[in-house]
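Asks:
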Amino acid sequence: MDHVILMKSSIPMLRIFDVAKAREFYVEYLGFQVDWEHRYGDDFPLYMQVSWGECVIHLTEHYGDCCPGGGLRIEVSDIQAFHQLLHSRPYRYARPGLDDQATEMAISDPFGNRLIFHKAR
Numbered sequence: 336m337d338h339v340i341l342m343k344s345s346i347p348m349l350r351i352f353d354v355a356k357a358r359e360f361y362v363e364y365l366g367f368q369v370d371w372e373h374r375y376g377d378d379f380p381l382y383m384q385v386s387w388g389e390c391v392i393h394l395t396e397h398y399g400d401c402c403p404g405g406g407l408r409i410e411v412s413d414i415q416a417f418h419q420l421l422h423s424r425p426y427r428y429a430r431p432g433l434d435d436q437a438t439e440m441a442i443s444d445p446f447g448n449r450l451i452f453h454k455a456r
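Numbering (my numbering), first residue to last: 336 to 456.
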């Protein structure tokens, strides 16, 4: 008997080391919202989900969940408008530029993870 196996969307995990810096970057600067947070107890590492539309990312302080320095490609409906939005926000650690064709914008979070936002095709 043949079974059909369907893959669903994936949710990337990115390692973080400082909750305040993660919130400043992902929520205040990029504009994601915090969907939920989880800790096994007081003074335990944080695991949280942030999202914007269909883009969902898990951020984790847990050692062993993933390595810092990962990379993501995130499709954006209007890369130029997103670029302008980021430059209108006061964030002193990044001023990402667009590539020559104005189709991609790369930015690294405070933990060395690289996010490449790209124009929808």
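Backbone N, C-alpha and C fix where the C-beta goes; we use that ideal spot for every residue, glycine too.
Straight-line CA distance for Ser-345 to Glu-396?
Replies: 20 Å
Asks: Would you kindly work out how many angstroms separate the C-alpha atoms of Asp-377 and Ala-455, rounded to a whole number?
Replies: 41 Å
Asks: Check this for me: beta carbons of Leu-433 and Ile-442, under 8 Å apart or not?
Replies: Cβ atoms of Leu-433 and Ile-442: not closer than 8 Å.
Asks: Just to confirm before moving on: does the CB-CB distance between Arg-350 and Cys-390 stay below 8 Å?
Replies: no
Asks: Between which two residues does the beta strand (DSSP E) holding Leu-394 run?
Replies: 390 to 395
Asks: Could you give the DSSP three-state label for Tyr-382: helix, strand or coil?
Replies: strand
Asks: So, are the CB atoms of Pro-431 and Leu-420 less than 8 Å apart?
Replies: no
Asks: Write down the C-beta distance between Phe-367 and Val-385 rounded to the nearest angstrom, noting that I regard them as a contact closer than 8 Å.
Replies: Between Phe-367 and Val-385 the beta-carbon gap is near 4 Å, inside 8 Å, which marks them as a contact.
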